[in-house]
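The structure appears below as structure tokens.
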Amino acid sequence: MSWKRPTVLVVEDDEEMRNLLFEELWNEGYQLREARDGDEAFMAMLQSMPDLIITDLRMPSGGLEYVSRLRMFAPHCPIIVMSAFADERAKADATRAGATAFVNKPVHLSELKGRVKALLPVKQ
Numbered sequence: 001m002s003w004k005r006p007t008v009l010v011v012e013d014d015e016e017m018r019n020l021l022f023e024e025l026w027n028e029g030y031q032l033r034e035a036r037d038g039d040e041a042f043m044a045m046l047q048s049m050p051d052l053i054i055t056d057l058r059m060p061s062g063g064l065e066y067v068s069r070l071r072m073f074a075p076h077c078p079i080i081v082m083s084a085f086a087d088e089r090a091k092a093d094a095t096r097a098g099a100t101a102f103v104n105k106p107v108h109l110s111e112l113k114g115r116v117k118a119l120l121p122v123k124q
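Sequence positions in the sequence shown follow the UniProt record's numbering and run 1 to 124.
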């Protein structure tokens, strides 16, 4: 019986952060795709819908409208939003826009990986 690893789309405009997330999640057993901004994220989704999206909030072609568009385009796909500009209002706004979970930057990798595992378990 063949099993496909779940696909995570990592959307982050900071290349070092994107590479770090990519490496950490690869080691957890996920298949990964990446995008540098909101426009690239939508192009990637047109090619193949991911099983989960991790995205920065403040980046080119980002923001709350971008999260709302992601949710409309992928209504059942979990979306984890990351931001360094997070207070309770920002988290509530992101949730209303369609985020499934919110992670503060700087990202604690153990917290992020825990959120991903809770939303998208990998079969061993």
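Backbone N, C-alpha and C fix where the C-beta goes; we use that ideal spot for every residue, glycine too.
The structure presented is a predicted model; accordingly, all values stated were derived computationally and were not measured.
With residue i and residue j assumed to form a contact (beta carbons below 8 Å), what rounded beta-carbon distance in angstroms separates them?
{"i": "LEU70", "j": "ILE53", "result": "6 Å"}
{"i": "LEU9", "j": "ARG33", "result": "5 Å"}
{"i": "SER107", "j": "ILE80", "result": "For clarity, residue 107 is Val in the given sequence; the question names Ser instead. Not a contact, Cβ separation roughly 10 Å."}
Drop a sphere of 10 angstroms on the beta-carbon of residue i, count the other beta-carbons inside from all chains shown, and report buried for 16 or more, exposed for fewer.
{"i": "GLU12", "result": "buried"}
{"i": "SER48", "result": "exposed"}
{"i": "GLY38", "result": "buried"}
{"i": "SER83", "result": "buried"}
{"i": "MET109", "result": "The sequence as given places Leu at residue 109; Met does not occur at that position. Label assigned to LEU109: exposed."}
{"i": "TYR85", "result": "Correcting the residue type first, residue 85 is Phe in the shown sequence and not Tyr. Label assigned to PHE85: exposed."}
{"i": "GLY29", "result": "exposed"}
{"i": "GLY62", "result": "buried"}
I'd like to confirm the pairing. Which residues does DSSP put opposite residue i in its beta bridges?
{"i": "ASP56", "result": "MET82"}
{"i": "residue 125", "result": "With the chain represented from 1 up to 124, any question about residue 125 goes unanswered, as that position is not in the structure."}
Alpha carbon to alpha carbon, how far is residue i from residue j?
{"i": "GLN31", "j": "LYS91", "result": "27 Å"}
{"i": "PRO78", "j": "GLU16", "result": "24 Å"}
{"i": "GLU24", "j": "ASN104", "result": "17 Å"}
{"i": "GLY98", "j": "TYR66", "result": "10 Å"}
{"i": "LEU21", "j": "ARG36", "result": "13 Å"}
{"i": "ASN19", "j": "TRP26", "result": "10 Å"}
{"i": "PRO60", "j": "ASP14", "result": "11 Å"}
Looking only at its chain, what residues have a beta carbon closer than 6 Å to the beta carbon of residue i, apart from the 5 residues adjacent to it on each side?
{"i": "GLN124", "result": "Because GLN124 sits at a pLDDT of 47, beneath the cut-off of 50, its placement in the model cannot be relied upon, and the point is left open."}
{"i": "THR7", "result": "GLN31, PRO50 and ASP51"}
{"i": "GLU40", "result": "none"}
Enumerate in chain order the residues of its own chain whose CB-to-CB distance from residue i is below 7 Å, with the five nearest sequence positions on each side excluded.
{"i": "PRO75", "result": "none"}
{"i": "ASP93", "result": "LEU64"}
{"i": "GLU111", "result": "VAL103"}
Spatial neighbours of residue i within its chain, please: C-beta separation below 8 Å, excluding the five flanking residues on both sides.
{"i": "PHE73", "result": "PHE42 and MET45"}
Between residue i and the ligand HEM, is the CB less than 7 Å from at least one heavy atom?
{"i": "SER83", "result": "Looking for the ligand HEM in the displayed structure turns up nothing, as the structure carries no ligands at all."}
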